[in-house]
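Notes follow the structure.
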Amino acid sequence: MKLVPAFPFPFAFALLAILATLAAPRNATAAPPPLIPRSQFFRAPEHSTPLVSPDGAHLAWISPTNGIPNLWVRPLATGTNTSTKTNTTTTAPRLLSLDPRGSIRQPAWQPDSQAVLYLQDPDGSGTFHLMQAHVPSGNIRDLTPFTGVQARLVTTSTRFTDEILVAMNLRNRRLFDVYRVDLRTGSITPDAENTGEVSQWFADNDLNLRLAQVILPNGEFALGTRTDPRSLWRPLLRWGNDDTLGKFFGFGPGNSNLFLVSSVRAQAPRLLSIDATTGAATALAQDVRFDVSAALFHPRSNALEAVQFNRARAQWQLANTNLLPDFEVLRRHRNADIDILSRDLADRTWTVSFTSADAPIQFALYDRSRRAVTPLFAERSELPSSGLGSTRSVSFSARDGLSIEGYLTLPPGIEPRRLPAVVLVHAGPWSRVVWSFDPEVHWLANRGYAVLQVNFRGSEGYGKDHRQAGNQEWGGKILLDLLDARKWTGDQGFIDPKRTAIMGTGFGGYAALAVLARHPDEFAVGIAINGTPNLATMIQSIPAAATGIRALLDQRVGRLDADAALLRDHSPMHRAAFIKGPLLIAATAHDPQAPAAEMDAFVAAIRREGRAIDYLLFGDEGSAIRNPANQLRLYAAIEAFLARHLQGRAELPAASEQFEALKR
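Position one of the sequence shown corresponds to residue 6 (the numbering used here), numbered consecutively onward.
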């Protein structure tokens, strides 16, 4: 199948010229813009997930009520209500579902357009139920009303509007079986039992469970199929830790083939069509280096129409040139990366998101018949654009020649020369930074710092070679990539290497500790959030039953027995005496990968050397700092720390942001 760019080549050249202009440094102004309050950066998004109903008559989305995200709905003036066959004329929004805890997740329209399905934690216990909000009546029903039971929506089908498939751990809290739920009566019928090996279920267009992701005894994975519920799973596709299975897009017409993204027998994840009987795979779209990140299929025919590749920016290529005029209109509306969030069955109305690294996501309705874009709302409308930084993609060669890419955000209103800077290390590490609006990045930029984000070796998104280059290099070449990134940016004149911090959460927190321990003269200061000081402890915290994760860590980090010396050498715990620069550590009392007692010992070892260290312990948090109030306390502490050591700007902590009591 031949793919074409999502806009004609003359338009592409014009767009590149526009992008080049936008990427040029902004002129320095007389003074930087005012400080934007921290609370504006880190409060929950105001709007998200606008979805058009299958009949095109209604729009549902999540917006706050008294600051708490809840589910809203409104008619669309251009839609036709198929239940009444009358044109919709009013567009007033109304609150469809109110949740005082703000736990509403993953809204999806019921196939008949009469209700919105969504996940909600009804009692604050952390167990999410599948809820049904009936649009005409406003009635709310819990479709999975079982205490302590988690629910997951498996699939819906426009061919069967009265039932859906739901996975629940009702029979066994460790295993998710599949149940058939009647959307009219709420009755629940067992459909498939998990014997222990299934981690994810997939159904065809007729709501028959045809596939399952299976964990094999050796820690590898398989996409299995079977002829009936009593048959054994037969592998259609197998893969290990060197490969990935990406998004499953469903079955084609007739249920004879399925569409999914996989890197099996390829350098980077590609879009495959797999014969549901033989397992024969046909590549529909691929790139020698970059991942397929999304795909568009016609809402009725399931025919492939477009594929998105996640390069420095997301780029669409079309399999159906009928969409070319639509993408041209969307591109002209806003210079941003485009995602199609939903389409009605008639394919007349789309909901679209416009993603930029320099501004919050913008949402819009697109009317195909009129080729018209109607703005809906911004994800974060209260953030003033004048106080935000400007982002550009960057690339350079590491010292061993490996190509490294990332993003550099420069602060507003300041000449981009010899700036104080923060190298912000992403978590994972098997993830990547993408072109998107990051509140943490723009908070730092508003305070006067250049922010460098690096997709170092081991990061996803750049093919197997790039990811495998990070195997067992946590304390080795990955850290050198961060040093090379800082040096490259300094050589370009953007940053002052002597006023540069390294900062991160999770793996990023580990990297900050490891860099200061192994390369103590390279960064002025470090900030580590939930970073483990001991890799052996991190690995031991993973349950032995999680064979897939344990096998992954053996390969990519090191084995507890055979690689004990490597793990010790790469663990900051055993090099604490080498740390020189000021360091801020934020830890949680109940993090299994970095137990408080071990972090206490690590901090004590640094302090015995007479080093300056700020140590914050969040006693009421688990593996991450999730409480919004605690997050603001953390950011207030980071801001004060950076201002003290790198001379950036800082907002004084509010009464609710005081962090002194957290110090240890």
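We put the beta carbon where it would ideally sit given N, CA and C, even for glycine.
Other residues of its chain near residue i: CB distance less than 6 Å, five sequence neighbours each side excluded
{"i": "LYS90", "result": "Only weak support exists for where LYS90 lies, its pLDDT of 40 falling under 50; the value from the coordinates is given anyway. Excluding sequence neighbours, LYS90 sits near nothing in its chain."}
{"i": "ASN325", "result": "GLU310"}
{"i": "THR552", "result": "GLY224"}
{"i": "PRO587", "result": "VAL530, ALA617 and HIS650"}
{"i": "LEU571", "result": "GLY563"}
{"i": "THR161", "result": "PRO116 and ILE169"}
{"i": "ARG48", "result": "none"}
{"i": "GLN663", "result": "none"}
Selection from the options that minimises the alpha carbon distance to residue i
{"i": "ALA642", "options": "ASN632, SER204 and LEU657", "result": "LEU657"}
{"i": "GLN458", "options": "HIS431, GLN137, PRO444 and SER436", "result": "HIS431"}
{"i": "PRO672", "options": "VAL456, GLY433, TRP435 and SER436", "result": "Given a span of 6 to 669 for the chain in the structure shown, any question on residue 672 remains unanswerable."}
{"i": "GLN477", "options": "ALA317, ARG561, LEU381 and PHE664", "result": "ARG561"}
{"i": "GLY2", "options": "LEU175, ILE169 and THR160", "result": "With the chain covering only 6 through 669, there is no way to say anything about residue 2."}
{"i": "ALA286", "options": "PHE302, SER267 and TYR454", "result": "SER267"}
{"i": "GLN396", "options": "ARG376, PHE499 and ASP486", "result": "Looking at the sequence provided, one finds Thr at residue 396 rather than Gln. Closest option to THR396, Cα to Cα, is PHE499."}
{"i": "GLU225", "options": "ALA273, ASP559 and THR149", "result": "ASP559"}
{"i": "TYR620", "options": "ALA606, LEU589 and GLU603", "result": "LEU589"}
{"i": "ARG373", "options": "VAL334, SER408 and ASP405", "result": "VAL334"}
{"i": "PRO141", "options": "SER162, GLY61, GLY131 and SER118", "result": "SER118"}
{"i": "ARG235", "options": "GLY511, GLU198, ALA217 and VAL438", "result": "GLU198"}
{"i": "GLN652", "options": "ASP501, GLU527 and ARG472", "result": "ASP501"}
{"i": "GLU614", "options": "ALA113, SER298, ALA582 and GLN320", "result": "ALA582"}
{"i": "ALA660", "options": "ARG669, ASN210, LEU637 and PRO389", "result": "LEU637"}
{"i": "GLN137", "options": "ALA113, ALA549 and ASP196", "result": "ALA113"}
{"i": "ALA299", "options": "ALA308, GLN320, THR96 and PHE607", "result": "GLN320"}
{"i": "ALA271", "options": "PRO258, TRP244, PHE253 and ASP486", "result": "TRP244"}
{"i": "TYR123", "options": "ARG110, THR166 and VAL57", "result": "ARG110"}
{"i": "ARG669", "options": "ALA645, ASP566 and ALA609", "result": "ALA609"}
{"i": "PRO258", "options": "ASP489, SER306 and ASP496", "result": "SER306"}
{"i": "PRO577", "options": "ASP211, ARG462 and ALA516", "result": "ALA516"}
{"i": "SER358", "options": "ASP349, THR379, ALA351 and ASP352", "result": "THR379"}
Sequence-distant residues of the same chain with beta carbon closer than 8 Å to residue i, five excluded per side
{"i": "SER192", "result": "VAL186"}
{"i": "SER261", "result": "ASP280, ALA281 and THR282"}
{"i": "ALA594", "result": "ALA601, LEU622, PHE623, GLY624, ASP625 and GLU626"}
{"i": "ASP248", "result": "SER267, SER268, VAL269 and LYS469"}
{"i": "GLY52", "result": "Checking the displayed sequence, the identity of residue 52 turns out to be His instead of Gly. These residues qualify, in order along the chain: TRP66, ILE67, SER68, PHE368, LEU381, PHE382, ALA383, GLU384 and SER386."}
{"i": "LYS503", "result": "ALA529"}
{"i": "THR70", "result": "LEU100 and LEU103"}
{"i": "VAL293", "result": "GLN272, ALA273 and GLY468"}
Beta-bridge partners of residue i, as assigned by DSSP
{"i": "GLN205", "result": "GLN218"}
{"i": "SER162", "result": "PHE165"}
{"i": "PRO380", "result": "ALA369"}
{"i": "THR194", "result": "ARG185"}
{"i": "MET604", "result": "Looking at the DSSP assignment, MET604 forms no beta bridge with any residue, so it has no partner."}
{"i": "PHE461", "result": "None, per the DSSP bridge assignment."}
{"i": "HIS139", "result": "ALA120"}
{"i": "LYS668", "result": "LEU621"}
{"i": "TRP244", "result": "PHE226"}
{"i": "ASN262", "result": "ASP280"}
{"i": "ILE507", "result": "VAL428 and GLY531"}
{"i": "PRO69", "result": "PRO74"}
{"i": "HIS134", "result": "GLN125"}
{"i": "MET173", "result": "ALA156 and ASP182"}
Contact under 8 Å by Cβ, residue i with residue j
{"i": "TYR454", "j": "VAL427", "result": "yes"}
{"i": "GLY255", "j": "PHE264", "result": "yes"}
{"i": "ILE584", "j": "LEU521", "result": "yes"}
{"i": "ALA156", "j": "HIS134", "result": "yes"}
{"i": "ALA677", "j": "LEU647", "result": "What the structure shows of the chain is the stretch from 6 to 669, and residue 677 is not part of that stretch, so it cannot be assessed."}
{"i": "ALA317", "j": "GLU410", "result": "yes"}
{"i": "THR354", "j": "LEU81", "result": "yes"}
{"i": "LEU485", "j": "ALA403", "result": "yes"}
{"i": "LEU214", "j": "GLY229", "result": "no"}
Own chain, CB closer than 7 Å to residue i, minus 5 neighbours either side, in chain order
{"i": "ARG106", "result": "ASP126 and GLY129"}
{"i": "ARG573", "result": "HIS579"}
{"i": "SER108", "result": "GLN125 and ASP126"}
{"i": "LEU8", "result": "ALA290, VAL312, GLN322, LEU323 and ALA324"}
{"i": "ALA556", "result": "GLY224 and ASN246"}
{"i": "ALA28", "result": "With a pLDDT of 41 at ALA28, under the threshold of 50, the modelled position of that residue is not reliable, and no figure is offered here."}
{"i": "LEU221", "result": "ALA227"}
{"i": "GLY284", "result": "LEU241 and LEU242"}
Residue i CB to nearest heavy atom of the ligand SAM below 7 Å
{"i": "ASP248", "result": "The ligand SAM is not part of this structure, which contains no ligands at all."}
Cβ of residue i within 8 Å of any chain B Cβ
{"i": "VAL456", "result": "Although the question refers to chain B, the structure presented lacks it and comprises just one protein chain."}
- Query: Do the stretch 199 to 213 and the stretch 175 to 184 make contact, defined as three or more Cβ pairs closer than 8 Å?
  - Reply: yes
- Message: With a threshold of 8 Å, are at least 3 pairs of Cβ atoms found where one atom belongs to the stretch 162 to 175 and the other to the stretch 141 to 152?
- Response: Result yes; three or more Cβ-Cβ pairs closer than 8 Å.
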